[in-house]
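So the mapping is simple: our numbering equals the position in the sequence shown, first residue as 1, plus 1. Backbone N, C-alpha and C define an ideal beta-carbon position, used for all residues, glycine too.
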Amino acid sequence: LETKPHGPVKPVRAPHGTALSCKGWQQEAALRMLMNNLDPEVAERPEELVVYGGTGKAARDWPSFHAIVRELRSLENDETLLIQSGKPVGVLRTQESAPRVLIANSNLVGKWSNWDCFHDLERKGLIMYGQMTAGSWIYIGSQGIVQGTYETFAEAGRQHFGGNLEGRLIVSAGMGGMGGAQPLAATMTGACFLGIDVDAARIEKRITGGYCDEISRDLPDALARLNAARTNGRALSVGLVGNAADVLPELIERGVVPDLLTDQTSAHDPLNGYVPNRMTLAEAIRLRERDSAEYTRLSMAAMGRHVEALLALQARGAVTFDYGNNLRTQAKLAGVERAFDIPGFVPEYIRPLFCVGRGPFRWVALSGNPQDIYRTDRLVLELFPEDLPLRRWIDLAQRKIHFQGLPARICWLGYGDRAKLGLAINELVRSGEISAPIVIGRDHLDAGSVASPYRETEGMLDGSDAIADWPLLNALANTAAGASWVSIHNGGGVGIGYSQHAGMVVVADGTDQAARRLQRVLTTDPGMGVLRHVDAGYAIAENFAGTAGIHVPMRNR
Ligand code: NAD
Numbered sequence: 002l003e004t005k006p007h008g009p010v011k012p013v014r015a016p017h018g019t020a021l022s023c024k025g026w027q028q029e030a031a032l033r034m035l036m037n038n039l040d041p042e043v044a045e046r047p048e049e050l051v052v053y054g055g056t057g058k059a060a061r062d063w064p065s066f067h068a069i070v071r072e073l074r075s076l077e078n079d080e081t082l083l084i085q086s087g088k089p090v091g092v093l094r095t096q097e098s099a100p101r102v103l104i105a106n107s108n109l110v111g112k113w114s115n116w117d118c119f120h121d122l123e124r125k126g127l128i129m130y131g132q133m134t135a136g137s138w139i140y141i142g143s144q145g146i147v148q149g150t151y152e153t154f155a156e157a158g159r160q161h162f163g164g165n166l167e168g169r170l171i172v173s174a175g176m177g178g179m180g181g182a183q184p185l186a187a188t189m190t191g192a193c194f195l196g197i198d199v200d201a202a203r204i205e206k207r208i209t210g211g212y213c214d215e216i217s218r219d220l221p222d223a224l225a226r227l228n229a230a231r232t233n234g235r236a237l238s239v240g241l242v243g244n245a246a247d248v249l250p251e252l253i254e255r256g257v258v259p260d261l262l263t264d265q266t267s268a269h270d271p272l273n274g275y276v277p278n279r280m281t282l283a284e285a286i287r288l289r290e291r292d293s294a295e296y297t298r299l300s301m302a303a304m305g306r307h308v309e310a311l312l313a314l315q316a317r318g319a320v321t322f323d324y325g326n327n328l329r330t331q332a333k334l335a336g337v338e339r340a341f342d343i344p345g346f347v348p349e350y351i352r353p354l355f356c357v358g359r360g361p362f363r364w365v366a367l368s369g370n371p372q373d374i375y376r377t378d379r380l381v382l383e384l385f386p387e388d389l390p391l392r393r394w395i396d397l398a399q400r401k402i403h404f405q406g407l408p409a410r411i412c413w414l415g416y417g418d419r420a421k422l423g424l425a426i427n428e429l430v431r432s433g434e435i436s437a438p439i440v441i442g443r444d445h446l447d448a449g450s451v452a453s454p455y456r457e458t459e460g461m462l463d464g465s466d467a468i469a470d471w472p473l474l475n476a477l478a479n480t481a482a483g484a485s486w487v488s489i490h491n492g493g494g495v496g497i498g499y500s501q502h503a504g505m506v507v508v509a510d511g512t513d514q515a516a517r518r519l520q521r522v523l524t525t526d527p528g529m530g531v532l533r534h535v536d537a538g539y540a541i542a543e544n545f546a547g548t549a550g551i552h553v554p555m556r557n558r
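Below, the structure is given as C-alpha cells:
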C-alpha cells in the first residue's frame, strides 16, 4: 500500500488472493475490511476517510490509519488491538479465541452525548464519528440499503397481500442516496412503483444506474404506464418529476389509492433536505439562499400538507408507514395532530423479524473473487430452499447488484439459520471450494444490537425504547463468544445521543477453531435479539425462544 502520513498516494484497496500479510486470517480480515471500507468504489469521500452516512469514518486520521495497518500486520494470534474512535491505543495479550480487535467509537457520557460536545472534541482530534459499519469495518456499499428496503416491502406484502406484491402499486417520494433504492427493491418484489421526486436529475441518476426503469413528467402518463404493467402482471418502476406535497393530493382527487405508501424525502432537514411545494426546484433553491427562515416555514407547511395527504390515503385503504426520515415529527410541528397515526416501519414490519433474531446478515469474500460469492449464493439456496423471498433476492441480486470493492452478499437470516450458513461456509473454505476465507458480519441495525428510540426501538411494548443496556450486553456476549472483532458505537443513523449500537464480525477460515467461534457467535448474536424482545413482552419472541430452546430465566412477566 503506497501511502504517506497525510493521505494515500494512490487509492486504498484491499489486497486480494490467498497470501497473508498478517500473522493470521483474523488480523488479515480486519486489515482487508478496513481497506475495503476506504476503497473509492465503496467509500463516499475516501480522501477524508469518510465511508458513508454524512461523516461516518473508518479511521480518525491518516496517521491513525497507517498505525492500525502496522499494528494489524504485527499482531500475534493471542493479542487484541484496541481502537478508540478510529485510533489504535493499545495492544493487550488476551487469548487465542478472543477477538483480535475491540473498537469503541463516538461514545460520550449521557449528559455530554450531543452534537455540540462531539464537534468540540472532534475539533480537538479526540473523537471520530463511526456511523454504524464505517468505523467497524463491515460496510459493503449500496447492496445493504437495497436489501433492507426489499425486506421491508416483502414483509409488508406478507402481512397485507398474502405474500404476493405482483400487480400492486407502491407509492413513495424521494429518489436520493437511500430513497433511490426503493424502485429497484419494489420491482424485485414483483410490484409496480411510482417514485415522486422534485429533482429530475435524481431520477435520471437512478435510471442510469439501473435502479429505476422509466421517467415521467406527468401524473396521468405515469399512472397509465403503471396501470398497463399492473394489468400484465409486469413489475415496473416510474420516477415522476413532481413535489410529493402536490402530487399526493392529486392522487386523492383522481381516486387513486396505492396499495403501499411511504416516503423517503430528506424530511429530517427542513432547510437543506425537503423542498417546499407550489414552486419549481430552481425557485426553491433561490429562496433557500435568499431567505432561509421563509424557506423553512414553507417547507414545514408543505410537510404538513404531505402528511395530511398520506393520512387521507391511509383512511381510503392505503397501507401507509413512516420510513425513518422524521416526517411525522415535522408534520406534527406544522400542526398535523394525527401525524403519528402513521406507524413507523420498524414496529410494523421489522420488529416481527427481530423477534426471531432475523436481521441483515452479510458476508464478504476476502479473495476478491466473485466466484466465491456465487458459490455462497448457491449454498444459501441449497440450505434454505423453502424460503421463496430469499431465493428471489439471491436470483435478482446476482443479476442487478454490481459488486463494490471486495465481492459481498447480504440477506436477512434468523437465529439458527445464521449459524447453519456460517458453518457451511466454513466447510467450503476448508474443502477449497471457496478460494480464501469469508468474513461474516452484519449491520448494527439488527435484532439485539441497537437502542434507537426514533427508529429501531420505537414504541417497544414495555416502553424500554431508550434503554441502552441491550447493545452493550450484545457486544459483551459476542466478545465472550469469540468474534473476530467487536465494536460499540453511539449515534449511528440518527445522530449523536440518539442511538447506541454494537457490531460484530467473525471469520470463516476453514479451521476447527473458526467452526467453534462461528457456532458460538452466530448463536449468541441473534440470540440477543430474541432475548431483548422476550424481555419486552413480545409473544412471537417468547414462542420462538420456547421452540428454539433459548433459556430465559424470568419468562413469565
Ligand atoms: P437524499 O437527500 O439523498 O434524497 C432526498 C430526495 O428527496 C432528493 O432527491 C430530493 O430531491 C427529494 N425531495 C425533497 N423534498 C421533496 C418533495 N417535497 N417532494 C419530492 N421530492 C422531494 O436523502 P436519502 O439518503 O435518500 O435519505 C432520505 C431520507 O431517508 C433521510 O431523511 C434519511 O435520514 C432517511 N433514511 C432512512 C433509512 C431507513 O432505515 N429507513 C435509511 C437511510 C435514510
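### Task
Confirm the yes/no value for this check: CB of Y275, any heavy atom of the ligand NAD, distance under 6 Å.
yes
### Query
Can G177 be considered in contact with the ligand NAD, in the sense that its beta carbon sits closer than 6 Å to one or more heavy atoms?
yes
#### Entry: Counted within 10 angstroms of its Cβ, other Cβ atoms place G547 as buried (16 or more) or exposed
exposed
### Message
Measuring alpha carbon to alpha carbon, tell me which residue in R33, E215 and D219 is nearest A230.
### Response
E215
### Query
Which residues in the same chain have their Cβ closer than 7 Å to the Cβ of N427, if we skip the five residues on either side of it in sequence?
A509, G511, A515, A516 and L519
### Message
Would A366 and I439 be called neighbours here (beta carbons separated by less than 7 Å)?
### Response
yes
### Query
What are the start and end residues of each continuous beta strand (DSSP E) run of 3 or more residues lying completely inside the stretch 142 to 167, in chain order?
none
### Query
Cβ of G336 within 6 Å of any heavy atom in the ligand MN?
No copy of the ligand MN appears in this structure; the ligands present are the ligand NAD.
### Task
Note down the Cα distance separating E3 from H67, rounded to an integer number of angstroms.
For E3, the predicted model reports a pLDDT of 44, less than 50, meaning its position is unreliable; a value from the coordinates is still stated below. Their backbone Cα atoms lie some 10 Å apart in a straight line.
### Message
Shorter than 6 Å, the distance from the beta carbon of N244 to the closest heavy atom of the ligand NAD, or not?
### Response
yes
### Task
Entirely within the stretch 380 to 414 and at least 3 residues each: give me those beta strand (DSSP E) ranges in chain order.
409 to 414
### Burial state of N37 (16 or more Cβ within 10 Å)
buried
### Task
Leaving out five residues on either side along the sequence, give the residues of the same chain with a beta carbon under 7 Å from the beta carbon of E436.
The residue you asked about is not Glu; residue 436 is Ser in the sequence shown. Cβ within range, chain order: T19, S368, N370 and D373.
### Selection from G336, K333, I128 and G145 that minimises the alpha carbon distance to W364
G145
### Message
Closer than 6 Å to a non-hydrogen atom of the ligand NAD - does that hold for the CB of Y324?
### Response
yes
### Cβ shell of L224 (< 8 Å), same chain only, five flanking positions each side left out
L195, R255 and V257
### Query
Cα separation between A187 and R74?
44 Å
### Span separating the alpha-carbon of K112 from that of G305
32 Å
### Query
Taking C-beta to C-beta, are G530 and F346 nearer than 7 Å?
no
### Query
Should H269 be counted as a contact of the ligand NAD given a C-beta to heavy atom distance under 6 Å?
yes
### C-beta atoms of A268 and L328 nearer than 7 Å
yes
### Task
Mind the definition here: the stretch 481 to 496 touches the stretch 535 to 544 only if three or more C-beta pairs lie below 8 Å; say whether that holds.
no
### Message
Please state whether the Cβ-Cβ distance between D264 and A174 is less than 7 Å.
### Response
yes
### Message
Tell me the residue span of the alpha helix (DSSP H) that contains C356.
### Response
R352 to C356
### Selected residue, minimal CA-CA separation from D323, among L334, L311 and R317
L311
### Query
Anyone know if the C-beta pair for N479 and V487 falls short of 7 Å?
yes
### Query
Would the C-beta of Q265 count as close to the ligand NAD, meaning under 6 Å from any of its heavy atoms?
yes
#### Entry: Span separating the alpha-carbon of Y275 from that of S300
6 Å
#### Entry: Every unbroken alpha helix (DSSP H) within the stretch 464 to 545, with a cutoff of 4 residues, ordered by chain
470 to 482 and 513 to 536
### Task
Whole angstroms is fine: what's the gap from V172's alpha carbon to D447's?
26 Å
### Query
What separation, rounded to the nearest whole angstrom, lies between the Cα atoms of D219 and C193?
17 Å
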